[in-house]
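So the sequence shown is residues 0 to 685, counted in the working numbering.
Where a beta carbon is used, it is the ideal one built from N, C-alpha and C, also for glycine.
Only a predicted model underlies this, so the values are computations on that prediction, with no experimental measurement involved.
Read through the structure below, which is laid out as structure tokens, and then see the notes.
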Amino acid sequence: MDRASPVDRLSPLSVVAAAAIVVVTVAACRASPSPSPSPSASPSPSPAPAPVAAAAPPPGPAAEVDPCTDFYEYACSAWTARHPVPPDASRWTLYDEMIARNLERVHAILDEAARRPGDRLGAYYAACTDQAAIDAGGLAPLRADMDAIAAIASPRDLVAAVARLAGRGGEVPLAVYAAADFDDPGRAIAQADAAGLALPVRGDYLSDEPRARRLRADYADHLARVFARLGQPPAEAARDAARVVALERALAAATLDPVAQTDPRNLHHPTKVSRPRGAGLDWEAYLSALGARGVPVINEVQPAYFYALARLLAGDGPGDLPAWRAYLRAHLVHAMSEVLPADVAKADFDFHSRVLRGVREMRPRWRRCAELVDRDMGEELGRRFAAQAFTPRDRERVRRIAESIRAALREEIRGAPWLAGPTRREALAVLDALRIKIGHPDRWRDYSGLRVAAGDACGNAQRASAFELARQLGKIGRPVDRDEWFELPQALDAYHTGPLNEVAFTAGFLQPPIYDPAAGDAATYGALGAVMGHELTHAFDAGGRRFDHAGRMRDWWTPADAAAYDRRAACFADQYSAYTMSGLHLDGRLGLRENTADNGGLRLAYRAYRAAHPDLAGARDFFLAWGRLRCASQTAEAEREQVVSATHAPGRYRVIGVVSNMPEFGRAFACPAGAPMLRSPVCRLW
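So, in structure tokens, the structure goes:
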């Protein structure tokens with residue numbers, strides 16, 4: 000995954016192609032007068048977690064499938080046959096299997112913490128799992144915010160209410176956060192982007208195809224039920240639902256095309272806060288309402304969106320006050336559904352998970368609470384997770400593997416025939432300066448200033464989010480902390496960020512079978528090495544190459560080298576655009592950066608592996624490890640959403656799209672000339 004902007008893991012989180020976007024939220028509930036947890040506070044019980052199970056050995060390849068004909072089926076058909084999509088998920092992959100094992104460990108950590116008197120993390124989790132207390136509170140926690148929404152009587156009131164709800168958990172139509180300045184990556188700048196749309200794909204609002212029309216109708220029906228739950232008569236509820244859909248459709252029409260969002264140059268539009276662009280938002284007033292006063296500059300990631308938003312907030316088109324009041328009520332309930340009564344959470348699940356993604360069952364309460372702990376006290380949980388799951392010895396071995404991948408990329412850059420001297424020298428400078436983070440931070444976030452009260456799930460979430468909001472806003476205009484991580488240790492993630500010129504691999508990611516201390520080099524390089532190579536090549540792809548060795552957004556490529564890159568990249572765009580799934584063609588332009596990274600990553604891993612094993616022993620195991628890494632079962636809804644909106648290709652094409660470009664694969668499996676898994680000519684960058 001590439002991130003052009005370093006961010007913190009908060010919730011809700013929206014990653015928009017080249018820029019990872021964070022919406023800082025505060026739980027929308029009335030502050031509770033409950034005291035801090037007492038030593039005798041007893042947690043609500045949750046199901047006792049089972050001991051963390053070791054990773055099961057993957058099933059062998061399908062002997063009845065010819066690897067030279069369909070390597071994905073060869074590597075994955077036995078796995079997918081044993082791993083259908085669980086009822087509480089929209090997909091199941093090897094990554095999801097790893098996440099489940101990580102969650103077993105997290106569950107054990109949280110249950111132990113909940114039994115320990117005075118443990119801040121445990122008190123937060125225990126209060127969250129007390130569904131009976133949440134049910135008893137009804138919708139009362141939303142009363143103050145609902146009253147504030149009802150009191151909106153002018154556009155000025157509306158902007159003030161949006162700012163209020165942005166700090167109290169209600170989803171709003173814009174996200175403000177702190178991230179590294181593309182022009183001065185050593186300093187954090189205020190940034191703003193589009194947010195607050197319920198449907199997952201922009202085209203679901205704008206397309207006239209039957210499925211999109213059906214989703215909009217389903218969404219309107221869901222909203223009508225939400226408004227009825229809030230006490231509105233049926234006719235009024237239906238009218239407000241239609242207003243919300245029309246308003247969100249207008250917002251979606253103003254958002255940047257997903258392909259355009261993959262280029263960081265399209266996401267950098269700094270403007271003076273005291274002088275908004277044209278008829279744009281009054282940023283000075285809005286930031287002051289958020290608590291960020293004296294901010295000189297804000298980067299409007301999507302200026303056209305903010306022009307449209309300003310008009311809608313002023314009452315233009317579908318943006319009249321009744322529509323905005325309905326929008327804010329609906330999004331407040333959606334954002335806060337996990338700390339509202341069970342029937343509200345169930346209704347939210349029925350649309351946002353069941354209808355949109357084909358999920359059949361809600362996840363258990365403990366897991367949903369674990370996700371809230373991630374959001375609000377994630378590094379404290381991560382500190383305990385890393386201590387159990389990732390040893391210093393593992394960290395050192397992983398670092399050595401990463402350095403061998405860096406060495407392989409260095410040789411690729413030196414030998415690339417299409418790079419001229421000036422570009423090659425700067426590329427090597429980028430590579431040499433690139434920082435590799437392994438496992439977890441060396442300095443942990445301090446939560447001692449956060450008050451957690453027993454039995455006060457809503458208040459705990461509010462105080463935790465306010466605590467984080469203050470930290471986020473306090474970063475604006477200050478030097479970027481280069482030791483900070485932008486993903487949690489317990490998460491399964493690897494990322495690259497251009498402004499900091501760094502890659503990171505979390506402790507939760509560095510688990511079997513991606514990294515298994517007992518595995519041989521072939522499997523280790525085919526899985527972990529390939530992902531490391533993937534992240535390293537992001538520094539030199541269509542977006543990452545826009546940043547120099549210091550992280551400044553600067554075009555350091557000669558025109559001839561950039562043209563040569565584009566010609567080679569076009570081969571990948573054409574290759575992946577020819578693939579189909581769910582009756583739809585993939586968009587090779589949308590997935591270009593991830594697809595070139597997959598191809599370059601496996602090549603680099605193979606080169607590093609070959610350097611240690613020149614006799615090529617284990618080459619089949621190397622490729623099999625790559626194939627198994629992408630095995631996937633998905634619901635039809637999730638499959639379609641991935642095809643039309645995700646920058647990562649479906650697992651099938653992440654496997655065969657890469658190996659078919661590697662003659663080394665054909666030699667390893669003795670594939671005959673003309674075999675389906677041997678493309679001619681091959682696509683290649685690194």
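Item checked: Within the stretch 340-372, ranges of the beta strand (DSSP E) (whole runs, at least 3 residues) -> Here no run is fully enclosed.
Notebook entry, point to check: If we ignore side chains and look at the alpha-carbon of each, how far apart do Ala674 and Glu111 end up?
Noted result: Rounded to whole angstroms, Ala674 and Glu111 show a C-alpha spacing of 55 Å.
Item checked: Pairwise C-alpha distance: Ala648 and Asp576 -> Checking the displayed sequence, the identity of residue 576 turns out to be Ser instead of Asp. Spanning the two alpha carbons is a distance of roughly 10 Å.
Checklist line | Three-state secondary structure (DSSP) of Tyr494 | finding: If DSSP states are grouped into helix, strand and coil, Tyr494 belongs with the strands.
Checklist line | CA-to-CA distance, Ala611 to Tyr73, given in whole angstroms | finding: As the crow flies, the alpha-carbon of Tyr73 is around 27 Å from that of Ala611.
Check: Leaving out the 5 sequence neighbours to the left and right, which residues in its chain are closer than 7 Å to Ala572 when beta-carbon positions are compared?
Finding: Taken in chain order, the residues that qualify are Gly587, Arg588, Leu591.
Margin query: In whole angstroms, give me the CA-to-CA distance for Ile133 and Asp203.
Written below: Between Ile133 and Asp203, the alpha-carbon positions lie close to 34 Å from each other.
Notebook entry, point to check: Assuming Ser632 and Pro83 make a contact with CB atoms under 8 Å, what is their CB distance in whole Å?
Noted result: Rounded to whole angstroms, the Cβ separation of Ser632 and Pro83 is 6 Å, and the two are in contact under 8 Å.
Next item on the list: Have a look at Pro440 and Ala388 and give me their C-alpha separation to the nearest angstrom.
Entry: The alpha-carbon separation between Pro440 and Ala388 amounts to approximately 14 Å.
Next item on the list: Measure from the alpha carbon of Ala147 to the alpha carbon of each residue in Leu331, Ala463, Gly656, Arg551, then state which is nearest.
Entry: Closest option to Ala147, Cα to Cα, is Leu331.
Check: Relative to the alpha-carbon of Ala604, which residue among Arg629, Arg115, Asp455, Ala521 has its alpha-carbon at the smallest distance?
Finding: Taking only the C-alpha atoms, the option nearest Ala604 is Ala521.
Item checked: Host beta strand (DSSP E) of Leu102 (start-end) -> That residue, Leu102, is in no beta strand (DSSP E); its alpha helix (DSSP H) goes 93-113.
Item checked: Contact under 9 Å by Cβ, Ile188 with Pro269 -> Yes, they are a contact pair.
Notebook entry, point to check: In terms of alpha-carbon separation, which member of Val161, Leu157, Gly185, Tyr123 lies closest to Pro478?
Noted result: Closest option to Pro478, Cα to Cα, is Gly185.
Next item on the list: Evaluate Leu311 with the Cβ neighbour count: other Cβ atoms within 10 Å of its Cβ, from every protein chain shown; 16 or more gives buried, anything less gives exposed.
Entry: Buried: at least 16 other Cβ atoms inside 10 Å.
Item checked: Whole-number beta carbon distance between Ala325 and Val243, since they are thought to touch under 8 Å -> 5 Å between Cβ atoms; contact.
Check: Which class does His584 belong to by DSSP, given the choice of helix, strand or coil?
Finding: DSSP, reduced to helix, strand and coil, places His584 within a strand of the structure shown.
Check: So, do the stretch 558-565 and the stretch 415-422 have three or more beta carbon pairs nearer to each other than 8 Å?
Finding: At 8 Å Cβ cutoff, the stretches touch.
Margin query: Quick check: the Cα distance between Arg551 and Asp217, rounded to an integer number of angstroms?
Written below: One C-alpha to the other measures close to 45 Å.
Next item on the list: Indicate whether at least one CB of chain C lies closer than 9 Å to the CB of Pro662.
Entry: Protein chains in the displayed structure number just one, and chain C is not present.
Checklist line | Selection from Asp281, Ala406, Gly582 that minimises the alpha carbon distance to Arg155 | finding: Comparing Cα positions, the closest option is Asp281.
Margin query: My output table needs one value for Gln574: the three-state DSSP class, helix, strand or coil.
Written below: In the structure shown, Gln574 adopts helical secondary structure according to DSSP, grouped into three states.
Checklist line | Where the beta strand (DSSP E) containing Asp192 begins and where it ends | finding: For Asp192, the enclosing beta strand (DSSP E) covers residues 187-193.
Next item on the list: Taking 9 Å as the cut-off, decide whether the C-beta atoms of Ala541 and Ala559 are in contact.
Entry: No, Cβ-Cβ distance for Ala541 and Ala559 is not below 9 Å.
Note to self: Closer than 8 Å is the cut-off here; do at least three beta carbon pairs connect the stretch 456-471 with the stretch 384-398?
What the structure shows: Result no; under three Cβ-Cβ pairs closer than 8 Å.
Checklist line | Helix, strand or coil at Gly318 [DSSP, three-state] | finding: Of the three classes helix, strand and coil, the one that applies to Gly318 here is coil, per DSSP.
Check: Among Asn298, Ser287, Glu411, His221, which residue has its Cα nearest to the Cα of Pro345?
Finding: Correcting the residue type first, residue 345 is Lys in the shown sequence and not Pro. Ranking the options by Cα distance to Lys345, first place goes to His221.
Checklist line | Where Ser336 falls, given that 16 or more other Cβ within 10 Å makes a residue buried | finding: Buried, because 16 or more other Cβ atoms sit within 10 Å of the Cβ of Ser336.
Check: How would you label Thr536, buried or exposed, when you count the other beta carbons within 10 angstroms and need 16 or more for buried?
Finding: Buried, since its Cβ has 16 or more Cβ neighbours within 10 Å.
Next item on the list: Identify which residue in Ser581, Ala529, Leu615, Arg553 has its Cα closest to the Cα of Glu593.
Entry: Selected option, being the one with the closest Cα: Ala529.
Checklist line | Pro232 burial status per 10 Å Cβ neighbour count (16 or more: buried) | finding: Counting every other CB atom within 10 Å of its CB across the protein chains shown gives Pro232 a total below 16, marking it as exposed.
Next item on the list: Mind checking who Met552 pairs with in its DSSP beta bridge?
Entry: Bridge partners of Met552: Phe546.
Item checked: Lys271, buried or exposed, once every other Cβ within 10 Å from all chains shown has been counted against 16 -> Answer is exposed; the Cβ neighbour count stays below 16.
Notebook entry, point to check: Is Tyr176 helix, strand or coil by DSSP?
Noted result: In the three-state DSSP reduction, Tyr176 falls in the strand class (E or B).
Notebook entry, point to check: When burial is assigned at 16 or more other CB atoms within 10 Å of the CB, is Arg383 buried or exposed?
Noted result: By the Cβ-count criterion, Arg383 is buried, with 16 or more other Cβ atoms from all chains shown falling within 10 Å of its own Cβ.
Check: Residues in its own chain within less than 6 Å of Ser41 by CB, not counting five upstream and five downstream?
Finding: For Ser41, the predicted structure reports a pLDDT of 36, less than 50, and the residue's modelled location is therefore unreliable. The matter cannot be settled from this model.
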